[in-house]
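**Student:** If you're matching positions, the sequence shown starts at 1 in UniProt numbering and goes up one per residue.
Sharing a structure below in C-alpha cells format, with a few things to ask.
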Amino acid sequence: EVHEDRHYVNLIMELCAGGELFDRIIAKGHYSECTAASLCRQIVTVVHNCHSMGVMHRDLKPENFLFLSADGNSP
C-alpha cells in the first residue's frame, strides 16, 4: 500500500520479521550451491516482477532483501 503527499511517499508493507539476507549470510558463513541458487532464483524473480510493473529498485544489496520469518525456508 502506498500513501503519498506533497513531501513524502509512505510504503506500508507486510512485517518481515525474519531479518535481512546480509545477516543470514554473516551468521551462516556460506551457502551450498543449491541453496544459493534457490535464493538467487527468488531474487531474480522478484526483480523481474518489479521491472514488468515498471518499478526499478536502484539499490539491490543483501541488506535490502528481507525474510518473512526466522524460519530457514522463509521466503
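Glycine residues also receive a C-beta, built at the ideal position from the N, C-alpha and C atoms.
#1: For P62, tell me which candidate among I26, D5, H7 and V2 has the shortest Cα-Cα distance.
#2: Roughly how many whole angstroms lie between the Cα atoms of M13 and L66?
#3: Looking only at its own chain, which residues have a Cβ that is under 6 Å from the Cβ of E1, when we skip the five neighbours before and after it?
#4: Just to check my reading of the structure: L68 and G18 have Cβ atoms closer than 8 Å, yes? What is that Cβ distance to the nearest angstrom?
**Tutor:** Per the coordinate set shown:
#1: Comparing Cα-Cα distances from P62 to each of I26, D5, H7 and V2, the minimum goes to I26.
#2: Between M13 and L66, the C-alpha separation is close to 11 Å.
#3: Excluding its 5 nearest sequence neighbours in each direction, E1 has C-beta neighbours in its own chain below 6 Å: I12, listed in chain order.
#4: At roughly 5 Å, the Cβ-Cβ gap stays under 8 Å, so L68 and G18 are in contact.
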